[in-house]
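Each remark here refers to the structure printed beneath this line.
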Amino acid sequence: MRTRIKICGITNIDDVRVAVEAGVDALGFNLYSGSSRYIDVDTARYLVSELPPFVASVGLFVNESADNVAKICDQVDFDYLQFHGDETADFCSQFSKRYIKAMRVKNADTLLVDCDVYSTSSAVMLDAYVADEFGGTGSVINWRELPVFERPVILAGGLNVHNIIQAIALVKPYAVDVSSGVESRKGLKDAGKIRDFISAVAAADRSSLKND
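Going letter by letter, the sequence shown gives residues 100 to 311 in this note's numbering.
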């Protein structure tokens with residue numbers, strides 16, 4: 100199976116075009132005002148409108164009010180919503196949009212139970228736990244401690260061209276999510292790093308097919 104690729108923290112049209120040309124499956128747009136990768140609603144609407152068919156748009160929220168999420172969704176036609184804070188399953192499922200729930204992995208022993216709470220999600224995202232931070236930290240999960248999931252899992256947390264092949268081999272995720280690993284600085288992607296990362300994911304998939 101081909102590992103899908105999402106690049107998060109997209110802030111400008113040049114990065115959209117580079118990522119699409121390189122073969123990305125989904126792009127994430129950060130509506131959390133506390134993030135250095137935050138974009139406003141007008142920017143999000145423009146960038147999403149420029150996506151070609153079969154490249155999914157994901158709106159990222161952190162502990163946002165239901166009213167604000169709904170208002171933003173009325174203005175920006177996201178394919179998915181991603182909730183990266185302390186949102187409940189009931190909260191996440193109220194917007195008539197497919198959603199992804201990010202789990203900041205603090206205790207791998209309870210992860211399966213924690214993820215089962217979000218049975219209505221399209222997928223769960225496993226990200227590194229860093230106190231008071233919500234993604235894009237560059238910190239890595241201990242992949243060997245992760246349980247085996249029977250549902251789609253998106254692996255995040257400090258992924259880059261140097262570790263992605265090992266990460267895919269160990270976790271076998273449905274998709275991977277990268278932000279800081281393909282940046283020249285926060286909020287600005289590096290075209291070469293994007294291409295190298297996507298090539299490395301393809302190499303990991305080829306290796307997996309040979310081993311299967």
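We put the beta carbon where it would ideally sit given N, CA and C, even for glycine.
Quick one: measure Cβ to Cβ for residue i and residue j, integer angstroms, because I've assumed they're closer than 8 Å.
i: I199; j: I253; result: 7 Å
i: A222; j: R203; result: Contact doesn't hold; Cβ gap of about 15 Å is too wide.
i: F182; j: A169; result: In fact, because the Cβ distance is near 13 Å, the residues do not count as touching under 8 Å.
i: P272; j: T102; result: 7 Å
i: A274; j: I104; result: 7 Å
i: V59; j: K292; result: No statement about residue 59 is possible, as the shown extent of the chain runs from 100 to 311 and does not include it.
Relative to the C-alpha of residue i, which candidate in the options has its C-alpha closest?
i: I240; options: S218, D215, L210 and P251; result: L210
i: N162; options: Y145, R250, V140 and N129; result: N129
i: V247; options: V281, N259, R144 and V212; result: V212
i: V216; options: I264, L180 and D185; result: D185
i: A118; options: A303, S307 and D276; result: D276
i: N262; options: K288, D295, E244 and K285; result: D295
i: E244; options: P251, K285 and L225; result: L225
i: G127; options: S278, S307 and D139; result: S278
i: V115; options: F194, T142 and D208; result: T142
i: Y145; options: R197, I171 and E120; result: I171
i: P151; options: V281, E120, S220 and S218; result: E120
i: V140; options: V123, G122, K292 and N111; result: N111
i: R197; options: N206, G280, K205 and T219; result: T219
i: C107; options: I264, G286 and A299; result: G286
i: Y131; options: R305, A266, E149 and S164; result: S164
i: A266; options: V300, A125 and V123; result: V300
i: S306; options: S195, S238, I264 and D208; result: I264
i: S195; options: L180, K205, N206 and D208; result: L180
i: A207; options: L269, W242 and N259; result: W242
i: A268; options: G257, A290 and D304; result: D304
i: V147; options: G257, D113 and S283; result: D113
i: E249; options: C214, D166 and S238; result: C214
Which residue or residues does DSSP assign as beta-bridge partners of residue i?
i: M202; result: L225
i: I106; result: L126 and V277
i: I253; result: M224 and A274
i: R197; result: Y179
i: S287; result: The amino acid occupying residue 287 in the given sequence is Leu; Ser does not appear at that position. Answer is R284.
i: Y137; result: N129
i: L159; result: N129 and Q181
Identify the continuous alpha helix (DSSP H) that holds residue i and give its terminal residues.
i: A268; result: I263 to V270
i: V260; result: Premise fails: V260 is in no alpha helix (DSSP H) and is neither H nor E.
i: V168; result: A165 to Q174
i: E120; result: I112 to A121
i: F190; result: A188 to C191
i: D208; result: Per DSSP, D208 belongs to no alpha helix (DSSP H) and is neither H nor E.
Can you name the start and end residues of the beta strand (DSSP E) that residue i belongs to?
i: Q181; result: Y179 to F182
* contact_flag[the region 173-193, the region 144-161] where n(CB pairs < 8 Å) is 3 or more -> yes
* Between the region 186-194 and the region 131-150, are three or more C-beta pairs nearer than 8 Å? -> no
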